[in-house]
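Take the sequence shown: its letter number 471 is residue 471 in the working numbering, and every next letter is one higher. From the three backbone atoms N, C-alpha and C, an ideal C-beta is built for every residue, glycine too.
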Amino acid sequence: MTAHDYGANRSSVRVSPAQHPARTLVRRGLLVAAATVAAGALLLTALGTQAGAAGTSLKTLAEAKGVYFGTALTQSNLSNSTLTAVASSQFDMVTPGNEMKWDTTEPSNGTYNFAPGDAIVSYAQANGMRVRGHNLVWHSQLPSWVSSLPTAQVQAAMESHITTEATHYKGKVYSWDVVNEPFNDDGTLRQDAFYAAMGSGYIADALRTAHVADPNAKLYLNDYNIEGENAKSDAMYSLVASLRSQGVPIDGVGLESHFILGQVPSTMKANMQRFTALGVNVAVTELDDRILLPATAANLAQQATDYATVINDCLGVSGCVGVSQWGVGDADSWIPGFFSGYGAATMYDSNYQPKPAYNAAVTALGGAGSTSSPSASASASASPTSSPTGAAGSCRVADVVNAWNTGLTENITITNTGTSTVNGWSLGFTLASGQTVTSAWNTTISPSTGTVKATSLSYNGTLAPGAATTIGFQATHAGNTAAPASFTLNGSACSVG
Ligand code: 9MR
Numbered sequence: 001m002t003a004h005d006y007g008a009n010r011s012s013v014r015v016s017p018a019q020h021p022a023r024t025l026v027r028r029g030l031l032v033a034a035a036t037v038a039a040g041a042l043l044l045t046a047l048g049t050q051a052g053a054a055g056t057s058l059k060t061l062a063e064a065k066g067v068y069f070g071t072a073l074t075q076s077n078l079s080n081s082t083l084t085a086v087a088s089s090q091f092d093m094v095t096p097g098n099e100m101k102w103d104t105t106e107p108s109n110g111t112y113n114f115a116p117g118d119a120i121v122s123y124a125q126a127n128g129m130r131v132r133g134h135n136l137v138w139h140s141q142l143p144s145w146v147s148s149l150p151t152a153q154v155q156a157a158m159e160s161h162i163t164t165e166a167t168h169y170k171g172k173v174y175s176w177d178v179v180n181e182p183f184n185d186d187g188t189l190r191q192d193a194f195y196a197a198m199g200s201g202y203i204a205d206a207l208r209t210a211h212v213a214d215p216n217a218k219l220y221l222n223d224y225n226i227e228g229e230n231a232k233s234d235a236m237y238s239l240v241a242s243l244r245s246q247g248v249p250i251d252g253v254g255l256e257s258h259f260i261l262g263q264v265p266s267t268m269k270a271n272m273q274r275f276t277a278l279g280v281n282v283a284v285t286e287l288d289d290r291i292l293l294p295a296t297a298a299n300l301a302q303q304a305t306d307y308a309t310v311i312n313d314c315l316g317v318s319g320c321v322g323v324s325q326w327g328v329g330d331a332d333s334w335i336p337g338f339f340s341g342y343g344a345a346t347m348y349d350s351n352y353q354p355k356p357a358y359n360a361a362v363t364a365l366g367g368a369g370s371t372s373s374p375s376a377s378a379s380a381s382a383s384p385t386s387s388p389t390g391a392a393g394s395c396r397v398a399d400v401v402n403a404w405n406t407g408l409t410e411n412i413t414i415t416n417t418g419t420s421t422v423n424g425w426s427l428g429f430t431l432a433s434g435q436t437v438t439s440a441w442n443t444t445i446s447p448s449t450g451t452v453k454a455t456s457l458s459y460n461g462t463l464a465p466g467a468a469t470t471i472g473f474q475a476t477h478a479g480n481t482a483a484p485a486s487f488t489l490n491g492s493a494c495s496v497g
């Protein structure tokens, strides 16, 4: 597998794992606000607790539709209280990001380590969430001792691994991705260690072995680029049809759904339907939608459309059991580390504030999403949720500038360091000479040069004490790329840094 296989865009460039950006997660408790100006507004309060109308979380809405809404979590995610507050309030299914993969669970032959996976299961159980076991057999994150085995020993090693792991988690997982990513994009089976040892029969053997170990777990084959109808999904379809006709225990097909902005296949629903017609379930297992950075308002609006499309496709297929996003927020996403220049792929920004895609998901699930999709375009509503109050001298601003020869972006994090809640804000600052704002996100900025004001939108105007929000803009420049020297919030000076 190479990272650029995920999704149709072949122009993406993989960076080496060593270049993965540090997953720096915000420690401070952050407000998750998605308030609309209208009555009946959707309001999510600090640390993901719902204070708005009941039933506005993704999981509650999904459950009312008979499906789940999940996320991937890694063990390190569990120590981030801001992240886990969102995870436990919004999601009812957890997929361990890495903790149940072979390289973790059986790093050397016959030596098992279930502690990381157990930590995820414990978190899920404590928060009333189910677990998608991920995964038992995969060519990747496979310890080298397996691929170095003499061919004649691979089947026994695979069966032993499946039996031991599936028995350990018996009764604790809802489902297993028994075989992960078995196909090449052209529909041929990968020539991995399992195929080399057993031919295509390794898949049926893996499923049968898992079923014996945990007869109640739903057994899945999971892959990417099988969301729409194409050679790869055709191959998966033929395989599932064949397995079913042989009585091999298979319950579902996972469609990973690592999408590129605007490229959700139009055939996704029909594709899911043909699988369910075979008598298996389908699930969207690893949803994200990557954007070429910096994300513009139009990008975020398209992402919202993409999320709604995927969720509606699932809801439109009776055998689609749920949707899981791959990671809680943009700070947790694998995308920036694998696709150079891409990011912003999830429903939550890097401060765990909901993005337009979140509101779109809520709406698709039948909830009362924001009436106007949050947008950073100049035409978006810039009305504060009420008259600006608070924050008299009680704010801190951190500004990160990324400049190139003719342009720059600034990402500005505003923190309410005061003791009262800010209800609607206006951030004043002066652009360096020659800079002209061309687009903005999570705010509107006016005018585009000189001394400007960045104004809150409907969904990020409320800042509880200690809460932060991040806005940004893109500008052209004529050589001076300096950040503003000072900022005011609702007229009062902020500390900078
Ligand atoms: O999210 C996982 C990331 O932390 C790992 O570095 C990566 C290594 O392959 O695997 C990621 O999860 C993958 C999942 O297990 C299978 N489908 C693709 C996911 C993204 O690479």
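task: May I ask you to report which of helix, strand or coil DSSP gives H477?
output: The residue given as residue 477 occupies position 477 in the sequence shown. Residue state, collapsed to three classes: coil.
- prompt: With respect to 7 Å, is the separation between the Cβ of W176 and the closest non-hydrogen atom of the ligand 9MR below this value?
  reply: In the sequence shown, counting from the first residue as 1, residue 176 sits at position 176. Checking the Cβ of W176 against the ligand 9MR gives no.
- prompt: So, helix, strand or coil for R274, using DSSP?
  reply: For the purposes of this step, residue 274 is taken as residue 274 along the sequence shown, with counting starting at 1. In the structure shown, R274 falls within a helical segment according to DSSP collapsed to helix, strand and coil.
task: Determine the extent of the beta strand (DSSP E) in which Q90 is found, giving its start and end residues.
output: The sequence position of residue 90 within the sequence shown is 90, counting from 1. First-last for Q90: 81-90, but that is the alpha helix (DSSP H), not the beta strand (DSSP E).
field: Option nearest V422 by Cα separation, candidates V401, T443, G199, N460
entry: Residue numbering aside, residue 422 sits at position 422 when the sequence shown is read from its first letter. Out of V401, T443, G199, N460, N460 has the C-alpha closest to the C-alpha of V422.
query: Going by DSSP, what residues sit across from Q325 in a beta bridge?
result: Start at 1 with the first residue of the sequence shown, and residue 325 comes out as number 325. DSSP output for Q325 lists T71, L287 as bridge partner(s).
message: Suppose you measure from the CA of E159 to the CA of T105; what does that come to, to the nearest Å?
response: As a first step, residue 159 must be located in the sequence shown, where it is residue number 159. As a first step, residue 105 must be located in the sequence shown, where it is residue number 105. Roughly 14 Å between the two C-alpha positions.
The segment 349-360 in contact with the segment 281-288 per 3-pair CB rule at 8 Å: no
field: Whether Y169 touches G133 by CB criterion (8 Å)
entry: For the purposes of this step, residue 169 is taken as the residue at position 169 of the sequence shown. For the purposes of this step, residue 133 is taken as the residue at position 133 of the sequence shown. Contact: yes.
task: Go ahead and pull the three-state DSSP assignment for S194.
output: Position 194 of the sequence shown, counted from the start, is the residue given in the question as residue 194. The question names Ser, yet the displayed sequence has Phe at residue 194. Here F194 sits in helix by DSSP.
query: Would you say S140 touches the ligand 9MR, meaning its beta carbon is less than 7 Å from a heavy atom?
result: The residue you call residue 140 lines up with position 140 of the sequence shown. Checking the Cβ of S140 against the ligand 9MR gives yes.
- prompt: Between which two residues does the beta strand (DSSP E) carrying T309 extend?
  reply: Working through the sequence shown from its first residue, we reach residue 309 at position 309. Unbroken run through T309 is the alpha helix (DSSP H), 297-315; no beta strand (DSSP E).
task: Rounded to whole angstroms, what's the CA-CA distance from L58 to T84? Just pull it up for me.
output: The residue given as residue 58 occupies position 58 in the sequence shown. The residue given as residue 84 occupies position 84 in the sequence shown. Approximately 15 Å, taken between the alpha carbons.
field: Sheet register partners of R208 (DSSP bridge)
entry: Here residue 208 corresponds to residue number 208 of the sequence shown, with the count starting at 1. The partner list for R208 (beta bridge, DSSP) is empty, contrary to what the question assumes.
- prompt: Is there at least one non-hydrogen atom of the ligand 9MR closer than 7 Å to the beta-carbon of W145?
  reply: Here residue 145 refers to the residue found at position 145 when the sequence shown is read from its first residue. No; taking the cut-off as 7 Å, the Cβ of W145 has no heavy atom of the ligand 9MR nearer than that.
T256 (DSSP reduced to helix, strand or coil): For the purposes of this step, residue 256 is taken as residue 256 along the sequence shown, with counting starting at 1. The question names Thr, but residue 256 is Glu in the sequence shown. Secondary structure of E256 (DSSP, three-state): coil.
message: Spatial neighbours of G407 within its chain, please: C-beta separation below 6 Å, excluding the five flanking residues on both sides.
response: By one-based count along the sequence shown, residue 407 stands at place 407. Excluding sequence neighbours, G407 sits near T476.
- request: Going by DSSP, name the residue or residues bridged to C320.
  value: The residue given as residue 320 occupies position 320 in the sequence shown. V282.
- request: Take A204 and list the residues in its own chain whose beta-carbon comes closer than 8 Å to its own, dropping the five residues that flank it on each side.
  value: Numbered from 1 along the sequence shown, position 204 holds the residue referred to as residue 204. Correct list, in chain order: L243, Q246, V248.
field: Helix, strand or coil at F338 [DSSP, three-state]
entry: Position 338 of the sequence shown, counted from the first residue, corresponds to residue 338. Residue state, collapsed to three classes: helix.
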